[in-house]
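First up is the structure itself, then whatever we jot down about it.
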Amino acid sequence: MRDHLYLTLAAGLTAVLLLPLHATAGQSFALDSTQGLQPHGVTVEAVTYQGRKAVRVLPAVAASEEPQAAKNGEGGGIVVLPATEFQDGTVELEVAGKPRAGAAGGARGFVGIAFRVAADPSKYECFYLRPTNGRADDQLRRNHSTQYISMPEYEWSRLRKETPGVYESYADLAPGEWTRIKVVVRGGKARLYVNDAPQPVLLVNDLKHGNGKGAVALWIGMGTEGYFSNLRLSN
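Letter by letter, the sequence shown follows residues -25 to -1, 1 to 210 of mature numbering (1 follows the signal peptide of the UniProt record, and there is no 0).
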């Protein structure tokens, strides 16, 4: 039986923090409302996408301004779920990502999940997808369909340069389509699963921030229009 995720809440704030997120048994977040969510470098809006209630996340600046506004090579930003404290366990959710209108040619619809987010929200671990790579005609691009990063020190570009092929892999993806992802974290190791596959598509045996803990957050990269729904946490 899946254990309940215990949320650390100050007395009297339980209703304020949980009800807007429609939490169920302290471990499920429908993500059909923006109330209580904490965006950093992005905007968030409650929408219906492909018949499903969700939140849409976009970079906080216009597409033409993103390259100049980005604080790092990833661009984009995160949306922190309040009162989540995650160290080891499982994160499951549905995501959909595609290049936003006006995005540069290198946009891939980068969308994913950040975990162990520190009090300084620029520091976190993350798995994300590049949906436009999943069915590309170029094999090398397909090999870059999923990615692990550890911000702010280990962007994708540094990991690819220093250890090519180790922190990214192939998965069958399509831009703009709902995709189920699951991240399993134990100590310094993490596994990424896509669309209920029995085997992980990406293994990380050396999480760069070690065995830390922190919040859970929705993540998008530069030039992305991202959608998120039905996030579940368990031990």
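By construction, the Cβ of each residue, glycine as well, lies at the ideal position given by its N, Cα and C atoms.
| Query | Result |
| --- | --- |
| For Glu67 and Leu208, what's the separation of their Cα atoms in angstroms? | 7 Å |
| Could you tell me which residues DSSP puts in a beta bridge with Met126? | Tyr99 |
| Compute the Euclidean distance between the alpha carbons of Asp63 and Tyr168, then round it to the nearest angstrom. | 16 Å |
| Do three or more CB pairs link the region 185 to 200 to the region 96 to 103 at distances below 8 Å? | yes |
| Should Phe61 and Leu206 be called a contact, given that it needs their Cβ atoms to be closer than 8 Å? | no |
| Beta-carbon separation of Pro74 and Gln13 under 8 Å? | no |
| If you reduce the DSSP assignment to three classes, tell me which class Ser120 lands in. | coil |
| When DSSP builds the beta bridges, which residues end up paired with His184? | BP columns for His184 are empty, so no partner. |
| Take Gly50 as the anchor and find which of Leu148, Glu143, Ile124, Gln25 has the nearest alpha-carbon. | Ile124 |
| I think Gln122 touches Tyr142, with their Cβ atoms under 8 Å apart; what is that distance to the nearest whole Å? | 7 Å |
| Within the continuous alpha helix (DSSP H) that includes Ser39, where are the two ends? | From DSSP, Ser39 is part of no alpha helix (DSSP H); its letter is neither H nor E. |
| Is Ile156 near Val54, with beta carbons less than 8 Å apart? | no |
| Going along the chain, which residues of its own chain have a beta-carbon closer than 6 Å to the beta-carbon of Ser120, five neighbours each way excluded? | Arg105, Asn108, Gly109, Tyr145, Ala146, Leu148 |
| By Cβ distance, which residues of its chain are closer than 7 Å to Gly77, with the 5 residues on each side in sequence left out? | Ala38, Ser39 |
| Among the candidates Ala35, Val160, Asp7, Glu41, whose CA atom is the shortest distance from the CA of Lys28? | Asp7 |
| Using CA atoms only, rank isn't needed, just tell me which of Thr23, Ala35, Gly16, Asp95 is closest to Ala190. | Asp95 |
| Within the continuous beta strand (DSSP E) that includes Leu178, where are the two ends? | 177 to 179 |
| Just mark Glu137 as buried or exposed, buried being the case when its beta carbon has 16 or more other beta carbons within 10 Å. | exposed |
| Is the beta carbon of Gly72 sitting closer than 8 Å to the one on Val17? | no |
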